[in-house]
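Q: Below is the structure I would like to discuss, written out as C-alpha cells.
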Amino acid sequence: MKISREIKTAILVIGAIALFLFGFSYLKGQDLFSSDNVFYTEFDYNALTISAPVTIKGNKVGKVEAIMYDFETGKTRVSFSVDNRFKFSKNSTIKLYELGLMGGNAITIIPTLDLDFAQHQDFLKSQVEEGLVKSLTSNFSGLSTGLDLTLKKADTLLTGLNMFVNDDSEKGLKSAIVELNKTLKSFRGLSQSINNLIAKDNSKLNLMLSEFEETAKSFKGLSDSLQQANLGQTIAGLDKTLNKLNGVLTGIEEGKGTIGKLMNDEKLYDNFEAAAKELEELLQDIKLHPKRYFRILSKKEIPYKKSASTEVIK
Numbered sequence: 233m234k235i236s237r238e239i240k241t242a243i244l245v246i247g248a249i250a251l252f253l254f255g256f257s258y259l260k261g262q263d264l265f266s267s268d269n270v271f272y273t274e275f276d277y278n279a280l281t282i283s284a285p286v287t288i289k290g291n292k293v294g295k296v297e298a299i300m301y302d303f304e305t306g307k308t309r310v311s312f313s314v315d316n317r318f319k320f321s322k323n324s325t326i327k328l329y330e331l332g333l334m335g336g337n338a339i340t341i342i343p344t345l346d347l348d349f350a351q352h353q354d355f356l357k358s359q360v361e362e363g364l365v366k367s368l369t370s371n372f373s374g375l376s377t378g379l380d381l382t383l384k385k386a387d388t389l390l391t392g393l394n395m396f397v398n399d400d401s402e403k404g405l406k407s408a409i410v411e412l413n414k415t416l417k418s419f420r421g422l423s424q425s426i427n428n429l430i431a432k433d434n435s436k437l438n439l440m441l442s443e444f445e446e447t448a449k450s451f452k453g454l455s456d457s458l459q460q461a462n463l464g465q466t467i468a469g470l471d472k473t474l475n476k477l478n479g480v481l482t483g484i485e486e487g488k489g490t491i492g493k494l495m496n497d498e499k500l501y502d503n504f505e506a507a508a509k510e511l512e513e514l515l516q517d518i519k520l521h522p523k524r525y526f527r528i529l530s531k532k533e534i535p536y537k538k539s540a541s542t543e544v545i546k
C-alpha cells in the first residue's frame, strides 16, 4: 500500500506537535504519561517557587504547580501535585521547610495513621518550620524597615522641594523664575533693537560690506604684486651691498686707505687739535683787537701781545 504525500506530511506535523508538547511539559517538570493528584494548601508568606519539590521522608513524590495570592484571606495559596501511587491521609500536614546549603525551600508531607485518604483537589492544613518562620519574619521585617526609611527620606525630600518651590524670598524658586523672566525680556528687547537697527541701516551695512570686500581684493592684488616683484632677488642684492659696506667699515677700522689712515693716525689728530686751538686764539684776538688787523697794510709794525683772555682760553 502506497502512502500519499499528504498523509506523510500530516504524520510529520502531528509528530512535531506531540514532540513539542512533550518537550515543553518536560521542561516544566510534568509527566504526560502519569496522572498525578492535585492538592491545595496555604501559608502566611510566599517562600516557594514553581516546580519546588514535594517530599515524603526526603523522597520526592511531587512538585509545586502554582502559587497565587488569596485576596480574601490575605494568604498565599499553593497547589501541588503528588504521584497517584502515593496514598496519605487527608489529616496529614503539609510542612514548609528549607532545603539546606543548596538553598531554596520545599514542602513535605507529614502523614498520619489514618485510613481516610486524601482525594484529588482536597485542601490540606499546613505549618512552617520553626527556624524558617524566624528567617521569613526577619527578612520581611528588614524589608519593611528599609522601605520605611526610604519613604521617610522621600517625604523629607518632597517637603524640602515643596518649601523651595513655595518660598517667596529672594532665594526661592519663584524669585529665581521672576528674575529669569526679566532677563529673557531684556534679551528680547535687545534683540528687537538690534533687528530694528539692522533694518534701518541695512543700506549702510551693505555699503560697508562692499567696501570691505573691495579692500580685501586690493590687499590680495598687493600680495600678488609683491609675489611677482621677485622680492627674493631684491633682498639678495641688499644683502650683498650690506656685506660690501661692512668690508669698507672693517678696512677703515684696520687703518686701510686714506680714510683709515686719517681715522687711526694719532699724530694727525694732535695736529688738527693744535690747529683748531690756534684758530680759536686768532679769532679771539680779532674780536679783542680789531684795529690791529685793519692796519695790516701799514708799514708800522705793531708787536703781538697775548691778552689775559687768551691765557684763559689756553
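For the sequence shown, the numbering used here assigns the number 233 to the initial residue and increments by one for each residue that follows.
For each residue, glycine too, the CB sits at the ideal point set by N, CA and C.
Since we're looking at a predicted model, the values are computed, not measured.
Per DSSP, which residues does Glu330 bridge with? Please list them.
A: Stepping through the sequence shown from its first residue, residue 330 is reached at position 98. Asn337, per the DSSP bridge assignment.
Q: Would you kindly report the start and end of the unbroken beta strand (DSSP E) that includes Tyr272?
A: On the sequence shown, position 40 is the one that residue 272 refers to. 269–275 is the extent of the beta strand (DSSP E) around Tyr272.
Q: Identify which residue in Glu445, Tyr272, Glu513 has its Cα closest to the Cα of Val310.
A: Walking along the sequence shown from the start, residue 310 turns up at place 78. Measuring from the Cα of Val310, the nearest candidate turns out to be Tyr272.
Q: With respect to the beta strand (DSSP E) encompassing Glu513, which residues constitute its N-terminal and C-terminal limits?
A: Position 281 of the sequence shown, counted from the start, is the residue given in the question as residue 513. No beta strand (DSSP E) holds Glu513; the alpha helix (DSSP H) holding it covers 498–520.
Q: If you draw a straight line from the alpha carbon of Phe275 to that of Ala284, how long is it in whole angstroms?
A: The residue given as residue 275 occupies position 43 in the sequence shown. The residue given as residue 284 occupies position 52 in the sequence shown. One C-alpha to the other measures close to 15 angstroms.
Q: Roughly how far, in whole angstroms, is the beta-carbon of Leu328 from the beta-carbon of Val360, given that I think they are within contact range, below 8 angstroms?
A: Indexing the sequence shown from 1 puts residue 328 at position 96. Indexing the sequence shown from 1 puts residue 360 at position 128. Correct: roughly 5 angstroms between the Cβ atoms.
Q: Count the other C-beta atoms from every protein chain shown that fall within 10 angstroms of the C-beta of Thr388, then say buried if there are 16 or more, exposed otherwise.
A: Position 156 of the sequence shown, counted from the start, is the residue given in the question as residue 388. Thr388 comes out exposed.
Q: For Thr466, collect the residues of the same chain with a Cβ closer than 7 angstroms to its Cβ; drop the 5 residues on either side in sequence, then sort them by chain order.
A: By one-based count along the sequence shown, residue 466 stands at place 234. Excluding residues within five positions, none has a Cβ falling inside 7 angstroms.
Q: So Gln359 is in the beta strand (DSSP E); what residue range does that whole segment cover?
A: The count along the sequence shown starts at 1 and reaches residue 359 at position 127. Counting along the chain, the beta strand (DSSP E) containing Gln359 begins and ends at 357–360.
Q: Glu510: buried (16+ other C-beta within 10 angstroms of its C-beta) or exposed?
A: Along the sequence shown, read from residue 1 onward, the residue named residue 510 stands at position 278. Exposed is the call here.
Q: Can you tell me the Cα-Cα spacing of Ser324 and Phe252, whole angstroms?
A: Locating residue 324 in the sequence shown gives position 92, counting from the first residue. Locating residue 252 in the sequence shown gives position 20, counting from the first residue. Cα to Cα, Ser324 sits roughly 37 angstroms from Phe252.
Q: Can you give me the C-alpha to C-alpha distance between Lys499 and Glu505, rounded to a whole angstrom?
A: On the sequence shown, residue 499 is found 267 positions in, with the first residue counted as 1. On the sequence shown, residue 505 is found 273 positions in, with the first residue counted as 1. Roughly 10 angstroms separates the two Cα atoms.
Q: Just curious, the beta strand (DSSP E) that Gly294 is in, first and last residue?
A: In the sequence shown, the residue the question calls residue 294 occupies position 62. Taken as a continuous stretch (DSSP letters only), the beta strand (DSSP E) holding Gly294 covers 291–302.
Q: For Lys240, collect the residues of the same chain with a Cβ closer than 8 angstroms to its Cβ; drop the 5 residues on either side in sequence, then sort them by chain order.
A: Here residue 240 refers to the residue found at position 8 when the sequence shown is read from its first residue. Within the same chain, Lys240 has no close Cβ partners at all.
Q: How big is the Cα-Cα spacing for Lys385 and Asn394?
A: Here residue 385 refers to the residue found at position 153 of the sequence shown. Here residue 394 refers to the residue found at position 162 of the sequence shown. Roughly 14 angstroms between the two C-alpha positions.
Q: Have a look at Leu331 and Pro343 and give me their C-alpha separation to the nearest angstrom.
A: Reading the sequence shown from its first residue, position 99 is the one you call residue 331. Reading the sequence shown from its first residue, position 111 is the one you call residue 343. If I take the Cα positions, the gap works out to 19 angstroms.
Q: For Lys357, which residues of its own chain have a beta-carbon under 6 angstroms away from its beta-carbon, when the five flanking residues on both sides are left out?
A: In the sequence shown, counting from the first residue as 1, residue 357 sits at position 125. Within the same chain, Lys357 has close Cβ partners Thr325.
Q: Starting from Pro285, follow the beta strand (DSSP E) in both directions and report where the run begins and ends.
A: Position 53 of the sequence shown, counted from the first residue, corresponds to residue 285. Segment 285–288, the beta strand (DSSP E) holding Pro285.
Q: Shortest alpha-carbon distance to Ile341 belongs to which of Gly290, Ile246, Asn428, Ala242?
A: Taking the sequence shown and counting its residues from 1, the one referred to as residue 341 is at position 109. The candidate whose alpha carbon is nearest that of Ile341 is Gly290.
Q: Three-state secondary structure (DSSP) at Ser236?
A: Numbered from its first residue, the sequence shown carries residue 236 at position 4. Reduced to three states, the DSSP call for Ser236 is coil.
Q: Identify whether Thr241 lies in helix, strand or coil by the three-state DSSP scheme.
A: Residue 241 sits at position 9 when you count from the first residue of the sequence shown. Reduced to three states, the DSSP call for Thr241 is helix.
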